[in-house]
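Q: If you read the sequence shown in our numbering, its first letter stands for residue 711, the second for the next number, and so on. Can you keep this structure in mind? I'll have questions shortly.
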Amino acid sequence: MNIVIIGAGYVGLTTGACLADLGHGVTCVDLDAERIAQLVHGRMPIFEPGLAELVRMQAAAGHLHFASRPDTVVPLADVVFIAVGTPAREDGDTDLTHVEAAARDIALLLRSEALVVLKSTVPAGTARRIRQLIARRRGNSDIAVASNPEFLREGSAIADFLGADRIVAGADDEASRALLEEVYEPLTGNGIPLVSTSTVNAELVKYAANAFLALKIGFINDVANLCERAGADVSDVARGIGLDKRIGTAFLMPGPGFGGSCFPKDTRSFVQTGRRLAARQHLIEELVDKNEARKRELARRIIREAGDKPAGKTVAVLGVAFKGNTDDVRESAALTIIPLLQRAGLKVRAHDPKARAAASEYLEDVEWRATAYQAAERADLTVVLTDWAEYRDLDLRRLSGAMAGQTLVDFRNVFEPSEVIRHGLRYVSLGRPPMAAANRSARAGLAERVGIAASPA
Ligand code: UDX
């Protein structure tokens, strides 16, 4: 099939490279000529594990092309995906300017048999609106618009695409449905479930899925707070509830509040849709507020850990990306927490394996260091804000030796409490009070004595 993708950003590029991998001929179009020139030379505008290799491979094989104008490529397309950004407006609603501009740009170029597919995350009813927009421009309503939301996570986007849990294909007529199903046949033929539905249902699936996952995170963050008061260990509680298949173990890691380009924006947009349609999403409204409040509350906690006179003390922040394995800092907890620490007079020294450049645009007066150990050098306390795998492997003896103070605040629970304590550090983590650490090491000791493996963290 001949496919054109409008928007060579994170979603567009991943979708393009993966659809090429499935055997389609794909052209990614982006009006940013500089970006296209980079891609033509095999340089990636974003960091996503495996994407550069896949793009280069598919381009070299002649399956993936790039263009900075839609004029010559759209008239040849069977399917045109719109994968441009849908930022949040001031009021939290979704800004559809780029989607509408893309639709306007391609409207007169489309063959009448072509199908337009919205990949961008858009509120309920957008596919129908875009269909009308294209119809007005063409003077007839021959072009159908489908909805095919993506569920890619940054850091594992390719695996999420090629090994998706499901494909949601929203179409309002049989011909569009058949075309969209043909695009994904290589995946559905291999057993990936297909949810074939209407456009408005598909649009709602995306928002409801993200809202529900965000709710799981908000819930476990609350449970972590409770565990701290009750002297319980949230890792065991999460595992205990998560093994119930109706709940599931994923997305039950407490943290400093969810961030990224999707959850914060999509939950707000979901709230706005609920308000607009007089079906308020009270749970999600509360979640949005609590998630922001959590970032501020954890900043206060760090300040408290810095002692009675925090001013002038140095805090080493490990990780500014909104999660591990990405250079993205959008809505990252670090962007809220670091300025609050600075306002309290703390000096911030930071490390991040990938996100320093992006974070530098938002943060001032941060001393950046090339390694976590260098950041911790003579620091009064060290705070982990991102779950980078390399932090899990830090040599705690070396870290504690480098620090001037001895407090390690871990807002991602990357360390095993007993290990941290063994290295003479005072350990503050989420939902795992020191007593739980003691219990855990006692349990490990007992398990060792009776010759069985202790339960994992
Ligand atoms: C998310 C959705 O997972 C994906 O399906 C959608 O297409 C885009 O939004 P992404 O933003 O890449 O993906 O990140 P994700 O891995 O979902 O994490 C989102 C945020 O929640 C991060 O800040 C992460 O640290 C946090 N999180 C996630 C937790 O705090 N605890 C968890 O258990 C899981």
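Built from N, CA and C at the ideal position, the CB exists for glycine as well. Being a predicted model, the structure only gives us computed values, none of them experimental.
Under 8 Å by Cβ, that's how I've got V944 and L1140 pegged, so tell me the actual separation to the nearest angstrom.
A: Your numbering for residue 944 matches position 234 in the sequence shown. Your numbering for residue 1140 matches position 430 in the sequence shown. At roughly 7 Å, the Cβ-Cβ gap stays under 8 Å, so V944 and L1140 are in contact.
Q: My guess is that L1095 and G1029 are in contact by the Cβ rule of under 8 Å, so how many angstroms apart are they, rounded?
A: Mapped onto the sequence shown, residue 1095 falls at position 385. Mapped onto the sequence shown, residue 1029 falls at position 319. With a Cβ gap of about 5 Å, L1095 and G1029 count as contacting.
Q: In the DSSP assignment, what are the bridge partners of L904?
A: Stepping through the sequence shown from its first residue, residue 904 is reached at position 194. According to DSSP, L904 bridges with I877.
Q: Is it the case that the CB of K1033 approaches a heavy atom of the ligand UDX more closely than 7 Å?
A: By one-based count along the sequence shown, residue 1033 stands at place 323. Checking the Cβ of K1033 against the ligand UDX gives yes.
Q: Can you grab the Cα-Cα spacing for the pair G1115 / T959, in whole Å?
A: Looking up residue 1115 in the sequence shown gives position 405. Looking up residue 959 in the sequence shown gives position 249. Using only the alpha carbons, I get a separation of about 36 Å.
Q: Can you grab the Cα-Cα spacing for the pair L925 / R956, in whole Å?
A: In the sequence shown, counting from the first residue as 1, residue 925 sits at position 215. In the sequence shown, counting from the first residue as 1, residue 956 sits at position 246. Straight-line Cα distance between these residues: approximately 15 Å.
Q: To the nearest angstrom, how far is it from the Cα of V1093 to the Cα of P974?
A: Residue 1093 sits at position 383 when you count from the first residue of the sequence shown. Residue 974 sits at position 264 when you count from the first residue of the sequence shown. Approximately 23 Å, taken between the alpha carbons.
Q: Does the beta-carbon of G965 have 16 or more other beta-carbons within 10 angstroms, so that it is buried, or is it exposed?
A: To locate residue 965, count along the sequence shown from 1; it is residue 255. Buried is the call here.
Q: Tell me, which residues are paired with K1057 by DSSP?
A: Locating residue 1057 in the sequence shown gives position 347, where the first residue counts as 1. T1024, per the DSSP bridge assignment.
Q: Mind the definition here: the stretch 1096 to 1111 touches the stretch 1077 to 1088 only if three or more C-beta pairs lie below 8 Å; say whether that holds.
A: The stretch 1096 to 1111 vs the stretch 1077 to 1088: in contact.
Q: With a 10 Å radius around its C-beta and 16 neighbouring C-beta atoms as the bar for buried, classify A912 as buried or exposed.
A: Residue mapping note: residue 912 aligns to position 202 of the sequence shown, counting from 1. It counts as buried.
Q: Does P1127 pass the burial test, meaning 16 or more other C-beta atoms within 10 Å, or should it be called exposed?
A: Locating residue 1127 in the sequence shown gives position 417, where the first residue counts as 1. It is buried - the Cβ of P1127 has at least 16 other Cβ atoms within 10 Å.
Q: Mind pulling the alpha helix (DSSP H) runs of 4 or more residues that sit fully within the stretch 831 to 894?
A: Runs found: 836 to 848, 867 to 872, 884 to 893.
Q: What is the rounded straight-line gap between the Cα of C937 and the Cα of L1073?
A: As a first step, residue 937 is located in the sequence shown; it is residue number 227 there, counting from the start. As a first step, residue 1073 is located in the sequence shown; it is residue number 363 there, counting from the start. Each residue's alpha carbon lies about 33 Å from the other.
Q: By the three-class DSSP mapping on this structure, what secondary structure does A1167 have?
A: Indexing the sequence shown from 1 puts residue 1167 at position 457. For A1167, the predicted structure reports a pLDDT of 35, less than 50, and the residue's modelled location is therefore unreliable. A value from the coordinates is still provided. Note: A1167 maps to coil in three-state DSSP.
Q: Assuming G1055 contacts A1031 (C-beta within less than 8 Å), just tell me the rounded distance between them.
A: Here residue 1055 refers to the residue found at position 345 when the sequence shown is read from its first residue. Here residue 1031 refers to the residue found at position 321 when the sequence shown is read from its first residue. The pair is not a contact, with the Cβ atoms about 26 Å apart (cut-off 8 Å).
Q: Distance check for M963 and V933, CA to CA, integer angstroms please.
A: Taking the sequence shown and counting its residues from 1, one reaches residue 933 at position 223. Taking the sequence shown and counting its residues from 1, one reaches residue 963 at position 253. The alpha-carbon atoms of V933 and M963 are separated by roughly 10 Å.
Q: Between the stretch 718 to 727 and the stretch 786 to 795, are three or more C-beta pairs nearer than 8 Å?
A: Short answer: they touch.
Q: For D875 and R821, I'd like the C-alpha separation in whole angstroms.
A: Position 165 of the sequence shown, counted from the start, is the residue given in the question as residue 875. Position 111 of the sequence shown, counted from the start, is the residue given in the question as residue 821. Their Cα atoms are separated by approximately 32 Å.
Q: Is it true that the CB of K829 sits closer than 8 Å to the CB of T737?
A: By 1-based counting over the sequence shown, the position of residue 737 is 27. By 1-based counting over the sequence shown, the position of residue 829 is 119. No, the Cβ-Cβ distance between T737 and K829 is not below 8 Å.
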